[in-house]
Amino acid sequence: MQIFCASFLQIVILAINYQLKMNPEKKLFTFEEIKQKLVNYCVYQDRCHSEVEQKMREFVLIPEAKDEILLYLMKENYLNEERFTRSYIRGKFYIKNWGKTKIKIHLKQKGITDKLISTCFDEIDENDYVSIIKKIYENYAGKQKGLKDYQKKSKTIKHLLNKGFEYDLILQVIEN
8 MQIFCASFLQ IVILAINYQL KMNPEKKLFT FEEIKQKLVN YCVYQDRCHS EVEQKMREFV
68 LIPEAKDEIL LYLMKENYLN EERFTRSYIR GKFYIKNWGK TKIKIHLKQK GITDKLISTC
128 FDEIDENDYV SIIKKIYENY AGKQKGLKDY QKKSKTIKHL LNKGFEYDLI LQVIEN
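Numbered according to my numbering, the sequence shown spans residues 8 to 183.
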């Protein structure tokens, strides 16, 4: 048993040395220091699992240590996928004025499930959604100078589509 433990420890040390040679910019930290750095990373702003895993790649960690840190962060509620998703949706809609399509694409790129995304879209009030479309349409169309009405309308619809709003809803809002 001692021989196995010693050889396992030697393998871990060799793996760490190899990682350091391959990635000399990575600094060595203790397990507790890394855990605290990741706690601070999660406390600063809500994070999803993929962001935390990406941050962990900056450190030399064996897979078991990564799993232990992830479990700790979830257990202590520093890492909460639903809270992250709700916060992300609120921020991107109310601050950046993104539509549901663009928000959904970006959340999927972060590894959030369709089910969770659909559940969390209740953060956006439907009346607010329609009023944002109206506001963006009026502001953007008003800035288009020297264009015919159909050109203004076309450019503004394209702008709203790029912001992630649904074509059918854009047309409904414009017609009213």
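Note that beta-carbon positions come from the ideal geometry of N, C-alpha and C, so glycine has one too. All of these numbers come straight from a predicted model, not from anything done at the bench.
Check this for me: beta carbons of residue i and residue j, under 9 angstroms apart or not?
i, j, result
"Val46", "Tyr85", "yes"
"Leu114", "Tyr95", "yes"
"Lys170", "Lys117", "no"
"Arg90", "Asp53", "yes"
To the nearest angstrom, report how far apart residue i and residue j are at their CA atoms.
i, j, result
"Ile181", "Thr163", "10 angstroms"
"Met63", "Asp175", "42 angstroms"
"Ile76", "Ile143", "43 angstroms"
"Gln43", "Asp121", "31 angstroms"
"Asn183", "Trp105", "21 angstroms"
"Leu178", "Lys152", "22 angstroms"
"Val59", "Cys49", "8 angstroms"
"Glu83", "His56", "14 angstroms"
"Thr92", "Ile112", "12 angstroms"
"Glu65", "Phe172", "36 angstroms"
"Ala72", "Leu35", "14 angstroms"
"Leu78", "Asp156", "57 angstroms"
"His166", "Leu80", "40 angstroms"
"Asp132", "Lys99", "14 angstroms"
"Leu68", "Asn87", "22 angstroms"
Return helix, strand or coil for residue i, following the three-state DSSP convention.
i, result
"Asp121", "helix"
"Gln5", "Examination of residue 5 is not possible in this model, given that the chain is present from 8 through 183 alone."
"Asp156", "helix"
"Pro69", "Going by the sequence as given, residue 69 is Ile instead of Pro. It is coil, neither helix nor strand."
"Ile131", "coil"
"Glu83", "coil"
"Asn169", "helix"
"Leu35", "coil"
Residue i lies in the alpha helix (DSSP H); which residues open and close that run?
i, result
"Gln179", "Tyr174 to Glu182"
"Cys49", "Phe38 to Tyr51"
"Ile110", "Lys107 to Gln116"
"Phe91", "Glu88 to Arg97"
"Gln62", "Checking the displayed sequence, the identity of residue 62 turns out to be Lys instead of Gln. Segment His56 to Met63, the alpha helix (DSSP H) holding Lys62."
The segment 119-135 touching the segment 143-161, judged by at least three CB pairs closer than 8 angstroms: no
Given 8 angstroms, three or more beta-carbon pairs between the segment 162-178 and the segment 138-149: yes
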